[in-house]
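Read the structure below first, then the notes.
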């Protein structure tokens with residue numbers, strides 16, 4: 001919504017988002033035995049950073065809209081304006097961006113499993129299946145099946161994200 005708190009928060013988030021997630025996960029897996037909840041927690045610490053920029057941009061855009069100025073002229077406080085007017089409009093951008101975040105998370109977890117730093121051995125994972133296909137080159141269907149499944153999932157998530165963006169776009 002602007003101000004010094006916004007500026008300070010953005011500087012902290014810039015430093016936090018500058019950390020390379022994949023390398024950090026590889027380093028941390030050297031200290032802790034990774035499991036599903038551990039990986040989910042680390043991914044949750046970093047994947048929300050992409051949404052912050054989208055939501056912040058929507059809030060900064062929304063504070064200058066006519067209905068927000070009218071609500072302020074009627075005497076509504078900042079908290080009520082944010083909850084009633086700006087936040088619902090920011091949710092459309094957030095919902096349309098979520099499939100792209102999921103695509104990045106799936107890619108990261110598959111890369112970790114492929115490299116051997118992800119889920120424990122024997123867990124069902126596309127990265128693990130691709131790694132098994134790499135080890136068994138005489139049976140190419142093992143790696144190709146996992147690769148095409150991963151490519152299909154990622155493509156479908158991107159298509160869902162684009163469809164949501166087009167559906168929520170008021171200009172079209």
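In UniProt numbering, the protein residues as written are 1 to 172. Where is the CB? At the ideal position from N, CA and C, for every residue including glycine. These figures come from a predicted structure and were not determined experimentally.
Scanning 123, 111, 103 for the CA closest to the CA of residue 159 turns up 103. For the pair of segments examined, the stretch 104-124 was found not to touch the stretch 56-73: the number of CB pairs separated by less than 8 Å stays below three. Sequence-distant Cβ neighbours of residue 154 in its own chain, meaning closer than 6 Å and more than five residues away, are 103. If the five residues before and after residue 58 are omitted, its C-beta is found closer than 6 Å to the C-beta atoms of 90, 93, all from its own chain and listed in chain order.
Here the alpha carbon of residue 51 sits roughly 17 Å from the alpha carbon of residue 82. The straight-line gap separating the alpha-carbon atoms of residue 151 and residue 76 is approximately 49 Å. In the displayed model, residue 9 falls within a helix according to three-state DSSP.
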